[in-house]
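Asker:
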Amino acid sequence: MIIQRAKNQGFSAEIFMAELKEVQIKREKQYTNMYIFDKGYGIRVIKDGKLGFAYGNKLDNLLDLAIESLNASKEDKFNVIPSPEKVSINNLRFFSINEGEEKIKELLSFGSEIREHVNVVTEYYEAMNIKVKVVNTEGIDVEEERSLLSLSISFNVKSDKGISPEIYEYSSSRTLNLELEKLRNKILQTKEIYERDRLQLGQPLTEGIFTPKALSELFAPLFSHAISLENYIRGKTSLNEGEILNENLEIIDNPLITTAPYSRSFDAEGLPSKVNYLIKEGKVIQFLSNTYWSLKGNRENTHSATRSYATIPYIAPTILDINVKTKCESDGIIIDQVQGVHTSNFDTGEFSVVIPVAWNEKEGKAYRELNLSGNLKEFIKGIEGSCGEKEIYGNLRVSPIKVKGVNIL
């Protein structure tokens, strides 16, 4: 056994294995059906604070390659393979890949129905089973299977008023039950909105209501970067430990919401998943960490390691569960889609993005392409209220949220 061989040679070692079975169907001008199988291994070895790493689709000589790469590493006392903690395995495999494939065939009729209402550019269906296993020399030996089903549709609306921008809608779940009625209603609502005239914004605005989709595109990537302990230690975040940002706000990283797409029983180092409070009563109380950065920062390990078999562990949230105490009415501009967050300054949290999809439901107006600018900290401070029911979208569990203190032009 490779782990025992590494131990006999005086190394701490870890093997991360991921096995993916996936069915993909894409329907645009052409119909594409893909069956994917991928299995790979990543090996970390540590000795005297030096770290070596190698990955591949076979285990054959990976240990030797990892040991060889260790010679190029610098000594760092925080390079440690973690010791085991008790893991409770949740049931996250709700269907087999064959059941997922059959479900996709059913979902194609949903796509056909939607084509009767809007101009569909692309339909994308995906069912997967993934097996993850972590074994190390310190005693960790955990394994879990997870399933995931997703459907995404991009479309535009054609009418005598013109053609709308391309609009994207998405639904996913660990189970075979997607919220198709909610998705259908959202697409038909968007169709109705974009059959109207698209108007210019009469004057700049400083507040708007952000849908879960818009928050997943803007807030989630900026906050995920800012709440990493690595970035906090490196001075690459605008958030500060202990500061009070918004007393109405609570943000939790919760990997134990079983039907959510990023749920898991253990992290990428084999440590048990935790529910981590990040902002509580408006106060930043902790940053997400893995073993290395928790030791380096002298903080509790939040077990937030993420990786593929081709990388060493890094820090990322799972499902950000956002709660806002205050309720609000859905009046004003509704922002449903943003583009260009990758151009933001992630270290300062400053952003300037495009809003291709926005409307005012009460006034019956749809808007032409708008610009949105601000920064993450002021965005958090400006969260005023929750304007509807919570839903899971991407790695967020959140309701539409009204935010003040942004610039909409």
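Just so we're aligned: 191 in the working numbering is position 202 of the sequence shown, and the numbers increase by one with no gaps anywhere. Idealized CB from N, CA, C, for every residue including glycine.
#1: What residues are listed by DSSP as bridge partners for Gly363?
#2: Bridge partners for Asn118 per DSSP, in chain order?
#3: Out of Thr280, Ser283, Ile240, point me to the one whose CA is closest to Val264's CA.
#4: By DSSP's criteria, Gln328 is part of a beta bridge. Which residues make up the other side?
#5: Within the same chain, show all residues whose beta-carbon is closer than 8 Å to that of Lys75, passing over the 5 residues directly before and after it, in chain order.
#6: When you compare the stretch 305 to 314 with the stretch 372 to 383, are there three or more beta-carbon pairs, one atom per stretch, that lie closer than 8 Å?
#7: Among Ala(-5), Glu181, Val124, Phe99, which has the Cα closest to the Cα of Glu168?
#8: Helix, strand or coil: which one does DSSP assign to Ala209?
#9: Since Lys175 and Glu158 are thought to touch, with beta carbons under 8 Å apart, how far apart are those beta carbons, to the nearest angstrom?
#10: Which one or two residues does DSSP pair with Glu196 in a beta bridge?
#11: Can Ser58 and Phe84 be called in contact, C-beta distance under 8 Å?
#12: In angstroms, rounded to a whole number, what distance separates the CA positions of Asn396 and Ile268?
#13: Measure the alpha-carbon distance for Pro201 versus Tyr266 and round it to whole angstroms.
#14: Measure the Cβ-Cβ separation of Glu133 and Phe255 and say whether it is below 8 Å.
#15: Mark Asp130 as exposed unless 16 or more other C-beta atoms lie within 10 angstroms of its C-beta, in which case mark it buried.
#16: I need the boundaries of the alpha helix (DSSP H) containing Thr280, first residue and last residue.
#17: Is the CB-CB distance between Tyr113 and Leu96 below 8 Å?
#18: If you pair each beta-carbon of the stretch 335 to 351 with each one of the stretch 208 to 217, do three or more pairs fall below 8 Å?
#19: What whole-angstrom Cβ distance do Ile216 and Phe276 have, given they're in contact under 8 Å?
#20: Consult DSSP for Gly271 and reduce its assignment to one of helix, strand or coil.
#21: Based on Cα-Cα distance, which residue from Val392, Ile32, Pro250 lies nearest to Leu140?
#22: Starting from Arg104, follow the alpha helix (DSSP H) in both directions and report where the run begins and ends.
#23: Quick check: Glu236 and Val123, are their CB atoms within less than 8 Å of each other?
#24: Determine, using beta carbons only, whether Glu57 comes closer than 8 Å to chain C.
#25: Using a Cβ-Cβ cut-off of 8 Å (strictly less than) and excluding sequence neighbours within five positions of Ile301, which residues of its own chain qualify?
#26: Could you tell me how far apart the beta carbons of Asn364 and Val343 are, in whole angstroms, since I believe they sit closer than 8 Å?
#27: Assuming Glu358 contacts Ile323 (C-beta within less than 8 Å), just tell me the rounded distance between them.
#28: Taking a contact to mean a Cβ-Cβ separation below 8 Å, would you say Ile304 touches Ser278 in this structure?
#29: Measure the Cβ-Cβ separation of Glu290 and Ser283 and say whether it is below 8 Å.
#30: Buried or exposed for Tyr24, please, with buried defined as at least 16 other CB atoms from any protein chain shown within 10 angstroms of its CB.
#31: For Val327, I'd like the list of residues in its chain whose CB is within less than 6 Å of its CB, leaving aside the five on either flank, ordered along the chain.
#32: Can you look up Asn384 in the DSSP assignment and give me helix, strand or coil?
#33: Can you check whether the CB of Arg163 is closer than 8 Å to the CB of Ala355?
#34: Is Asp149 helix, strand or coil by DSSP?
#35: Taking Asn334 as part of the alpha helix (DSSP H), name the residues at either end of that continuous run.
#36: What span of residues does the beta strand (DSSP E) with Ala61 cover, start to end?
Answerer: Taking the structure as given:
#1: DSSP lists Phe340 as partners of Gly363.
#2: Lys10, Ser136
#3: Ile240
#4: Val343
#5: Non-local beta-carbon contacts of Lys75 in its own chain, meaning distances under 8 Å to residues more than five positions away in sequence, involve Pro261 in chain order.
#6: yes
#7: In terms of Cα proximity to Glu168, the closest of Ala(-5), Glu181, Val124, Phe99 is Phe99.
#8: In this structure, Ala209 counts as helix in the three-state DSSP scheme.
#9: 6 Å
#10: Paired residue(s): Lys393.
#11: no
#12: 24 Å
#13: 20 Å
#14: Cβ atoms of Glu133 and Phe255: closer than 8 Å.
#15: exposed
#16: 280 to 286
#17: no
#18: yes
#19: 6 Å
#20: coil
#21: Pro250
#22: 86 to 104
#23: no
#24: Any reference to chain C falls outside this structure, which holds one protein chain only.
#25: Short of 8 Å from the beta carbon of Ile301, and not among the five residues preceding or following it, lie these beta carbons of its own chain, in chain order: Gly31, Arg33, Leu40, Phe42.
#26: Their Cβ separation, rounded to whole angstroms, is 17 Å, which puts Asn364 and Val343 out of contact at 8 Å.
#27: The pair is not a contact, with the Cβ atoms about 15 Å apart (cut-off 8 Å).
#28: Yes, these two residues count as a Cβ contact at 8 Å.
#29: The residue asked about is misnamed: residue 290 is Asn in this sequence, not Glu. Yes, Cβ-Cβ distance for Asn290 and Ser283 is below 8 Å.
#30: Around the beta carbon of Tyr24, a 10 Å sphere encloses fewer than 16 other beta carbons of the protein chains shown; the residue is thus reported as exposed.
#31: Ala203, Glu206, Leu207, Val342, Ile344
#32: coil
#33: In terms of Cβ geometry, Ala355 and Arg163 do not form a close pair [threshold 8 Å].
#34: coil
#35: No alpha helix (DSSP H) contains Asn334, which DSSP labels as neither H nor E.
#36: It is not in any beta strand (DSSP E) - Ala61 carries neither H nor E in the DSSP assignment.
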